[in-house]
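Below: the structure, in C-alpha coordinates.
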Amino acid sequence: MKDALPARRVYVVTRRYLASTLMLVAALACSPSYAQVLYTYDNNTSLAIPDNGCPTRVERTFVVSETFNVGGNGTIAVGIDLVHTYRGDLLIELQAPNGNIASLAGSSNDGNDNYRVMFSSNLDEGNPLNDLDVDPAAAGGNVLHRRLVGVSSLDSFYSGPANGTWRLRICDAVGQDTGTLNAARLVLRDDISTAASICTNY
35 MKDALPARRV YVVTRRYLAS TLMLVAALAC SPSYAQVLYT YDNNTSLAIP DNGCPTRVER
95 TFVVSETFNV GGNGTIAVGI DLVHTYRGDL LIELQAPNGN IASLAGSSND GNDNYRVMFS
155 SNLDEGNPLN DLDVDPAAAG GNVLHRRLVG VSSLDSFYSG PANGTWRLRI CDAVGQDTGT
215 LNAARLVLRD DISTAASICT NY
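Residue numbers for the sequence shown follow the working numbering, so the first one is 35 and each next one is one higher.
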(Lines of atoms letter the chains of each structure in order from A and count residues from 1; the text may use other names and numbers.)
(Lines give C-alpha, C1' and ligand atoms only; values in the text may rest on other atoms or scores of the structure.)
Protein backbone atom coordinates (compact mmCIF):
# COMPACT_ATOMS: atom_id res chain seq x y z
CA MET A 1 0.00 0.00 0.00
CA LYS A 2 2.85 2.39 0.77
CA ASP A 3 4.23 1.89 -2.73
CA ALA A 4 1.02 3.38 -4.17
CA LEU A 5 1.38 6.80 -2.50
CA PRO A 6 4.15 8.22 -4.69
CA ALA A 7 2.23 7.27 -7.80
CA ARG A 8 -0.82 9.17 -6.52
CA ARG A 9 1.29 12.24 -5.75
CA VAL A 10 2.75 12.20 -9.26
CA TYR A 11 -0.78 12.09 -10.67
CA VAL A 12 -1.86 15.14 -8.65
CA VAL A 13 1.17 17.19 -9.77
CA THR A 14 0.57 16.18 -13.38
CA ARG A 15 -3.08 17.22 -13.21
CA ARG A 16 -2.14 20.66 -11.86
CA TYR A 17 0.52 21.07 -14.54
CA LEU A 18 -1.98 20.26 -17.27
CA ALA A 19 -4.47 22.72 -15.82
CA SER A 20 -1.83 25.48 -15.82
CA THR A 21 -0.84 24.64 -19.38
CA LEU A 22 -4.44 24.85 -20.57
CA MET A 23 -4.82 28.25 -18.90
CA LEU A 24 -1.69 29.50 -20.69
CA VAL A 25 -2.93 28.23 -24.05
CA ALA A 26 -6.28 29.94 -23.46
CA ALA A 27 -4.55 33.22 -22.63
CA LEU A 28 -2.45 33.04 -25.79
CA ALA A 29 -5.50 32.20 -27.90
CA CYS A 30 -7.34 35.22 -26.53
CA SER A 31 -4.48 37.62 -27.25
CA PRO A 32 -5.40 40.10 -30.02
CA SER A 33 -4.07 39.42 -33.50
CA TYR A 34 -3.62 42.34 -35.88
CA ALA A 35 -3.81 42.42 -39.67
CA GLN A 36 -4.31 44.97 -42.42
CA VAL A 37 -7.32 44.47 -44.65
CA LEU A 38 -7.24 44.54 -48.46
CA TYR A 39 -10.28 45.68 -50.45
CA THR A 40 -10.53 44.78 -54.15
CA TYR A 41 -12.92 46.39 -56.64
CA ASP A 42 -13.21 45.10 -60.21
CA ASN A 43 -14.74 46.69 -63.29
CA ASN A 44 -14.69 44.22 -66.18
CA THR A 45 -16.87 46.12 -68.64
CA SER A 46 -15.04 46.41 -71.96
CA LEU A 47 -14.38 49.98 -73.07
CA ALA A 48 -13.10 51.18 -76.46
CA ILE A 49 -10.34 53.80 -76.31
CA PRO A 50 -11.02 56.36 -79.07
CA ASP A 51 -8.06 57.00 -81.36
CA ASN A 52 -6.44 60.43 -80.91
CA GLY A 53 -9.07 61.23 -78.29
CA CYS A 54 -7.16 63.47 -75.84
CA PRO A 55 -7.79 65.66 -73.95
CA THR A 56 -11.18 63.94 -73.57
CA ARG A 57 -10.72 60.80 -71.51
CA VAL A 58 -12.73 57.62 -71.24
CA GLU A 59 -13.08 56.35 -67.71
CA ARG A 60 -14.03 53.43 -65.52
CA THR A 61 -15.37 54.09 -62.03
CA PHE A 62 -15.07 52.23 -58.75
CA VAL A 63 -17.61 53.10 -56.06
CA VAL A 64 -16.21 52.40 -52.60
CA SER A 65 -18.80 52.22 -49.83
CA GLU A 66 -16.56 50.88 -47.04
CA THR A 67 -15.24 53.43 -44.55
CA PHE A 68 -11.51 53.28 -43.86
CA ASN A 69 -8.50 55.45 -44.61
CA VAL A 70 -5.80 55.13 -47.26
CA GLY A 71 -2.59 57.02 -47.89
CA GLY A 72 1.04 56.06 -47.58
CA ASN A 73 3.16 53.22 -48.78
CA GLY A 74 1.31 50.39 -50.50
CA THR A 75 -2.27 51.43 -49.68
CA ILE A 76 -3.40 52.18 -53.26
CA ALA A 77 -2.84 50.06 -56.39
CA VAL A 78 -4.48 49.86 -59.82
CA GLY A 79 -4.50 46.95 -62.25
CA ILE A 80 -5.31 47.30 -65.94
CA ASP A 81 -5.76 44.82 -68.74
CA LEU A 82 -5.90 46.58 -72.10
CA VAL A 83 -4.94 45.89 -75.68
CA HIS A 84 -3.42 48.62 -77.85
CA THR A 85 -1.08 48.44 -80.83
CA TYR A 86 1.13 51.33 -79.60
CA ARG A 87 0.77 51.68 -75.84
CA GLY A 88 3.05 54.73 -75.72
CA ASP A 89 0.11 56.72 -77.17
CA LEU A 90 -1.81 56.35 -73.92
CA LEU A 91 -2.21 58.68 -70.97
CA ILE A 92 -3.48 56.84 -67.90
CA GLU A 93 -4.39 58.38 -64.54
CA LEU A 94 -6.24 57.59 -61.34
CA GLN A 95 -8.52 60.18 -59.75
CA ALA A 96 -9.26 59.95 -56.02
CA PRO A 97 -12.66 60.83 -54.51
CA ASN A 98 -11.49 64.39 -53.73
CA GLY A 99 -10.35 65.03 -57.31
CA ASN A 100 -6.60 64.55 -56.78
CA ILE A 101 -4.90 62.81 -59.69
CA ALA A 102 -1.96 60.41 -59.95
CA SER A 103 -0.40 59.89 -63.37
CA LEU A 104 0.15 56.18 -64.05
CA ALA A 105 1.46 56.34 -67.62
CA GLY A 106 2.33 59.23 -69.92
CA SER A 107 2.71 59.53 -73.67
CA SER A 108 6.02 58.04 -74.79
CA ASN A 109 7.81 56.34 -77.67
CA ASP A 110 6.96 52.89 -76.29
CA GLY A 111 5.81 51.12 -79.44
CA ASN A 112 5.05 47.79 -77.78
CA ASP A 113 1.55 46.35 -77.52
CA ASN A 114 -0.83 46.19 -74.57
CA TYR A 115 -0.72 46.83 -70.84
CA ARG A 116 -1.36 43.97 -68.42
CA VAL A 117 0.07 45.57 -65.31
CA MET A 118 -0.52 46.40 -61.66
CA PHE A 119 0.51 49.95 -60.80
CA SER A 120 1.68 50.18 -57.20
CA SER A 121 4.06 52.17 -55.04
CA ASN A 122 5.78 48.86 -54.24
CA LEU A 123 8.72 49.26 -56.58
CA ASP A 124 10.07 46.52 -58.80
CA GLU A 125 13.25 47.96 -60.28
CA GLY A 126 13.55 45.15 -62.80
CA ASN A 127 10.13 45.79 -64.28
CA PRO A 128 9.72 49.36 -65.63
CA LEU A 129 6.61 50.57 -67.44
CA ASN A 130 8.45 50.20 -70.74
CA ASP A 131 10.04 46.78 -70.40
CA LEU A 132 10.93 46.74 -74.12
CA ASP A 133 8.53 43.88 -74.66
CA VAL A 134 4.93 43.18 -75.58
CA ASP A 135 2.49 42.30 -72.79
CA PRO A 136 0.86 39.21 -74.37
CA ALA A 137 -2.89 39.70 -74.65
CA ALA A 138 -3.70 36.12 -73.71
CA ALA A 139 -0.76 35.12 -71.51
CA GLY A 140 -1.08 34.28 -67.86
CA GLY A 141 -4.49 32.62 -67.99
CA ASN A 142 -6.71 34.30 -65.41
CA VAL A 143 -3.88 36.51 -64.14
CA LEU A 144 -4.93 39.79 -65.76
CA HIS A 145 -2.32 42.03 -64.17
CA ARG A 146 0.94 40.19 -64.83
CA ARG A 147 3.57 42.90 -64.26
CA LEU A 148 4.16 45.03 -61.18
CA VAL A 149 5.04 48.62 -62.16
CA GLY A 150 6.16 51.11 -59.53
CA VAL A 151 4.45 54.53 -59.40
CA SER A 152 5.78 56.46 -56.42
CA SER A 153 3.08 59.15 -56.59
CA LEU A 154 0.47 56.61 -55.48
CA ASP A 155 1.96 57.02 -52.01
CA SER A 156 1.38 60.75 -51.81
CA PHE A 157 -1.31 62.00 -54.19
CA TYR A 158 -4.16 61.25 -51.78
CA SER A 159 -4.54 60.59 -48.07
CA GLY A 160 -7.92 60.28 -46.42
CA PRO A 161 -11.21 58.36 -46.48
CA ALA A 162 -11.42 55.63 -49.11
CA ASN A 163 -15.18 55.83 -49.56
CA GLY A 164 -16.44 57.63 -52.65
CA THR A 165 -15.92 57.32 -56.39
CA TRP A 166 -12.49 56.53 -57.81
CA ARG A 167 -11.94 57.04 -61.55
CA LEU A 168 -9.48 55.35 -63.89
CA ARG A 169 -9.10 57.69 -66.88
CA ILE A 170 -7.45 56.86 -70.19
CA CYS A 171 -6.96 58.69 -73.48
CA ASP A 172 -5.06 58.10 -76.71
CA ALA A 173 -2.86 61.12 -77.53
CA VAL A 174 -1.78 60.14 -81.07
CA GLY A 175 -3.62 59.04 -84.18
CA GLN A 176 -3.44 55.74 -86.10
CA ASP A 177 -3.39 53.05 -83.35
CA THR A 178 -6.45 51.96 -81.38
CA GLY A 179 -7.19 49.86 -78.34
CA THR A 180 -9.65 48.54 -75.77
CA LEU A 181 -9.68 48.47 -71.98
CA ASN A 182 -10.78 44.94 -71.09
CA ALA A 183 -10.70 45.04 -67.30
CA ALA A 184 -9.56 47.20 -64.40
CA ARG A 185 -9.02 46.64 -60.70
CA LEU A 186 -8.66 49.00 -57.75
CA VAL A 187 -6.91 47.60 -54.67
CA LEU A 188 -7.02 49.55 -51.41
CA ARG A 189 -5.42 48.66 -48.09
CA ASP A 190 -6.64 49.99 -44.76
CA ASP A 191 -3.77 52.08 -43.38
CA ILE A 192 -4.61 51.03 -39.81
CA SER A 193 -4.11 47.55 -38.39
CA THR A 194 -7.39 45.82 -37.56
CA ALA A 195 -7.74 43.51 -34.56
CA ALA A 196 -8.91 40.04 -35.53
CA SER A 197 -11.15 38.31 -32.98
CA ILE A 198 -9.79 34.79 -32.40
CA CYS A 199 -10.66 34.35 -28.72
CA THR A 200 -12.33 31.09 -27.70
CA ASN A 201 -14.06 30.47 -24.39
CA TYR A 202 -12.47 27.84 -22.17
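Note that beta-carbon positions come from the ideal geometry of N, C-alpha and C, so glycine has one too.
The model shown is predicted, which means the values in this text are computed figures rather than measured ones.
If we ignore side chains and look at the alpha-carbon of each, how far apart do residue i and residue j end up?
i, j, result
"V208", "F96", "27 Å"
"G213", "T119", "7 Å"
"G184", "R203", "18 Å"
"Y192", "G105", "6 Å"
"D211", "E93", "19 Å"
"N146", "D123", "10 Å"
"Y73", "R223", "6 Å"
"D98", "N148", "The amino acid occupying residue 98 in the given sequence is Val; Asp does not appear at that position. If you take the alpha carbons of V98 and N148, they lie about 28 Å apart."
"G133", "R201", "9 Å"
"S187", "N143", "22 Å"
"S190", "P84", "30 Å"
What distance in whole Å lies between the Cβ atoms of residue j and residue i, which are believed to be in contact at a cut-off of 8 Å?
i, j, result
"S155", "N107", "6 Å"
"V117", "L220", "The Cβ separation is near 20 Å, so there is no contact."
"I114", "A218", "5 Å"
"D206", "N103", "At roughly 34 Å, the Cβ-Cβ gap does not stay under 8 Å, so D206 and N103 are not in contact."
"R121", "R150", "Actually they are not in contact, since the Cβ atoms of R121 and R150 sit about 10 Å apart, beyond 8 Å."
Run the CB neighbour count on residue i, radius 10 Å, all protein chains shown included, and call it buried at 16 or more, exposed below.
i, result
"A82", "exposed"
"T90", "exposed"
"E127", "buried"
"Q70", "exposed"
"I226", "exposed"
"T199", "exposed"
"T109", "buried"
Name the two residues that bound the continuous beta strand (DSSP E) containing residue i.
i, result
"L188", "No beta strand (DSSP E) contains L188, which DSSP labels as neither H nor E."
"Y75", "72 to 77"
"V221", "213 to 223"
"S137", "135 to 139"
"D115", "110 to 118"
"A82", "81 to 83"
Is residue i helix, strand or coil by DSSP?
i, result
"R150", "strand"
"R91", "coil"
"D123", "helix"
"L166", "Bear in mind that a pLDDT of 41 at L166, under 50, signals an unreliable position, so the number given afterwards is only what the model happens to contain. In this structure, L166 counts as coil in the three-state DSSP scheme."
"I226", "coil"
"P195", "strand"
"D206", "strand"
"F102", "coil"
For a test of your reading of the model: does the CB of residue i fall under 7 Å from any non-hydrogen atom of the ligand FAD? Yes or no.
i, result
"D224", "With respect to the ligand FAD, the structure shown offers nothing to examine, as it has no ligands at all."
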